[in-house]
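Below is one structure, written out as structure tokens; comments come after it.
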Amino acid sequence: MSELSGKTWRAIARLINLAGIYTPRAMEPGDTETCIRLIQQIKESRELASLPVLAELLFNGNTPVRVAAESAVASLFKHGRPKDYPLVDSRLRAWSAPTSLWHKRLSARNLAQLAKDTHIPAEFLLLATMHRDGYVRQGAIRLLAKSISDGSEIPLLILRTNDWVPEVREEAVRLVRERFRIDHACHFVRNYWLVKWLAASERPSCSPFASEIDDFLCEKCLTDLLFAEMNSGVSFVRRSSFALLVQADNVSIEQIIDRAVQSFDEQIRLKATVLAIAQLRGDPLKHVLFGRLGDPFGPIRRRVLEAIDRQFHSASRPILIESLLDRHGVVRATARALIKSEEPGFDFCGFYRDALTSARGEKLTACILGLGETGEREDSTSIVPFLEARFPRDRKAALSSLYNLDKEAAIPVLLGALSDAHAGVSRVAVNLLCQNGLDSHIDQLIETVRVAKSDHGIANALTSIARVHEWKSLAMLVMFCGHPQESIADHAIMLLCGWLRRPQMARGSRVDIKRVATEIDRVRHRLPSARLNDLKLIVRLGLANH
965 MSELSGKTWR AIARLINLAG IYTPRAMEPG DTETCIRLIQ QIKESRELAS LPVLAELLFN
1025 GNTPVRVAAE SAVASLFKHG RPKDYPLVDS RLRAWSAPTS LWHKRLSARN LAQLAKDTHI
1085 PAEFLLLATM HRDGYVRQGA IRLLAKSISD GSEIPLLILR TNDWVPEVRE EAVRLVRERF
1145 RIDHACHFVR NYWLVKWLAA SERPSCSPFA SEIDDFLCEK CLTDLLFAEM NSGVSFVRRS
1205 SFALLVQADN VSIEQIIDRA VQSFDEQIRL KATVLAIAQL RGDPLKHVLF GRLGDPFGPI
1265 RRRVLEAIDR QFHSASRPIL IESLLDRHGV VRATARALIK SEEPGFDFCG FYRDALTSAR
1325 GEKLTACILG LGETGEREDS TSIVPFLEAR FPRDRKAALS SLYNLDKEAA IPVLLGALSD
1385 AHAGVSRVAV NLLCQNGLDS HIDQLIETVR VAKSDHGIAN ALTSIARVHE WKSLAMLVMF
1445 CGHPQESIAD HAIMLLCGWL RRPQMARGSR VDIKRVATEI DRVRHRLPSA RLNDLKLIVR
1505 LGLANH
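Residue numbers (our numbering): 965 to 1510.
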């Protein structure tokens, strides 16, 4: 969970003032509707860091505001990620000062009395499990376990098994053990991040209890559940399910690998491939490896290539030759290394030159890149025609290869490519330009940004200009802060803020410095006040040096 976004923080600051959370005040006409609207905005943000403020509103005397706050708290807990809970827990304790309504109203005595007199809303209990008073936390988890039994209570109970008060911790452990049932198993899997967090705790009792949960999840009757959760929409749950299956004694490695290599999650496929290489031999291993040669994930193809060369060397030669035209650079490099170990004199450059005339589609792209990786400066002439290729992927490959083969000749080409009709080609150009010293090309960059017609061309040219610390580049950045296209203006402001963190420059001409001052006056309404003051100081220092 990160800090609150600026939009949510502004909503909270206004809500604190209107609702009189820390400074009691009478609400004026219209304040109720505004508070409800702000609470709805906070609810839609799904930022759990806002819970401390919403907790105060659960005791607000204004019923519509209180109901809206209850709804927001329930929604935030429902959509919260398991990894957010430990930080929310510490935030709520830090915010629940003795003077706060939440701290006063939710004492252990009041909680027990509320439980006798009326039904306690789930929102109160969810927050009460994170109260700074240990008696309140202990009472809250008991009431939570009684009032909620659909599994949604499990993450909060696991959280309290790492409580610093032994009595709270023991109570939470007892309640979690009661939920070691098949119908609750899916909730343990979906909140497995908290189990790993528990295992990493320094408290002596936590790691053994996390192992207890692991043992429960590895039971034979839960194998189908773990296989199903390998298709979860949450990556941590998918990968944890795979890890638990590998730990289980009641399912064969072959069965796990067979299912895992079909997963849409590339990390699970990679781990399954590594597991197969380590555990399988003979035909079962051959079936897995040859089936993964066309895997979309490059690191898997690289592992497969190495394993085939090692385990099935007699069949590896045509596969290695084919992999020289793989779309992934690491796979091409691996294939070259394996071939070179057997044939030190293999002419890779000649191979790519010959293939350049007949390759099509992705193989042509790989061929262009391969020639750039293995060729000489003279081979750049073979690359140049592909700078005007129909497909953007070929133009991107040609730019990269030309830069590798002849950096000096590539610079003007890259400057022109900033205005390419395809944003991806322009982005490759700016990335390559930023690897090179651009101080001597500032005038060309300025001309490029002036004639660029596409938004991405202007933005990428500005990114290159921001790498040059001269008065001319500063003037261009300031000028584009006032661009009528808001996205370009915002990008220029972002680049300017980064530029101002390291504003060392060579001495500029008085004309250039005056131009910067003129541009500052023109766009001052768009600039953050702190950045505006920084710019004014830089101009004053620049003029003082003359």
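All C-beta atoms, glycine included, are put in the ideal place defined by N, C-alpha and C. Since this is a predicted model, take the numbers as computed values, not measurements.
Query, Result
"Unbroken alpha helix (DSSP H) run spanning Thr1027, endpoints", "Thr1027 to His1043"
"For Thr1298, three-class secondary structure by DSSP", "helix"
"Collapsed DSSP secondary structure at His1386 in the structure displayed", "coil"
"Inter-residue Cα distance where the pair is Leu1090 and Arg1145", "22 Å"
"Phe1443: first and last residue of the uninterrupted alpha helix (DSSP H) it sits in", "Before going further, note that residue 1443 is Met rather than Phe in the sequence given. That run of the alpha helix (DSSP H) goes Trp1435 to Phe1444."
"Ala1038 versus Lys1007 - alpha carbon distance", "9 Å"
"Close Cβ partners of Lys1417 (< 8 Å) along its chain, the five nearest in sequence each way excluded", "Ser1383"
"Ala1032 and Gln1004 closer than 8 Å at C-beta", "yes"
"Rounded straight-line distance, which links the Cα of Val1140 to that of Thr1093", "14 Å"
"Residue of Ser1199, Arg1256 and Ser1305 minimising C-alpha distance to His1277", "Ser1305"
"Beta-carbon proximity check, Leu1018 vs Val1029, cutoff 8 Å", "no"
"Whether Gly1339 touches Leu1288 by CB criterion (8 Å)", "no"
"Cβ-based burial, Tyr986 [other Cβ within 10 Å; buried from 16]", "exposed"
"Helix, strand or coil at Arg1245 [DSSP, three-state]", "coil"
"Best match in Arg1324, Ser1365, Arg1359 and Cys1150 for proximity to Ser1344 [C-alpha to C-alpha]", "Ser1365"
"7 Å Cβ shell around Gln1275 - same chain, five flanking residues per side excluded", "Leu1249"
"Cutoff 7 Å; reference Thr972; Cβ partners in own chain excluding five residues on either side", "Ile1006, Ser1009, Glu1011 and Ser1014"
"Reduced DSSP category for Arg1167 - H, G, I as helix; E, B as strand; rest coil", "coil"
"Same chain, Cβ closer than 7 Å to Ala1086, five either side skipped, listed in chain order", "Ala1038, Ser1111 and Ile1112"
"Check whether Phe1152 and Ile1177 have beta carbons under 8 Å apart", "yes"
"Residue environment, Val1415, which counts as buried when at least 16 other CB atoms sit within 10 Å", "exposed"
"Secondary structure, beta strand (DSSP E): runs of 3+ residues fully inside the stretch 1200 to 1287", "none"
"Distance, Arg974 Cα to Arg1341 Cα", "57 Å"
"Simplified DSSP state of Ser1322, which is helix, strand or coil", "coil"
"Helix, strand or coil at Asn1155 [DSSP, three-state]", "coil"
"Rounded distance between the beta-carbons of Thr1237 and Arg1256, thought under 8 Å", "6 Å"
"Whether Leu1208 touches Leu1234 by CB criterion (8 Å)", "no"
"Reference Ser1390; option with closest CA among Phe1350, Ala1425, Ile1375 and Ala1373", "Ala1425"
"Coil, strand or helix - Leu1015 by DSSP", "helix"
"Ile1105, DSSP secondary structure in three states", "helix"
"Check whether Arg1488 and Leu1501 have beta carbons under 8 Å apart", "no"
"Coil, strand or helix - Met965 by DSSP", "Any reading at Met965 must be qualified, since the residue scores a pLDDT of 44, below 50, and its modelled position is unreliable; the value itself is stated next. Note: Met965 maps to coil in three-state DSSP."
"Residue span of the alpha helix (DSSP H) that contains Lys1371, given as start and end", "Lys1371 to Ala1381"
"DSSP state of Thr1093 mapped onto helix, strand, coil", "coil"
"Sequence-distant residues of its chain with Cβ nearer than 8 Å to Arg1202 (five each side left out)", "Glu1193, Met1194, Asn1195, Ser1196, Ser1227, Asp1229 and Ile1232"
"Whole-angstrom C-beta distance between Ala1136 and Leu1121, which should lie under 8 Å", "5 Å"
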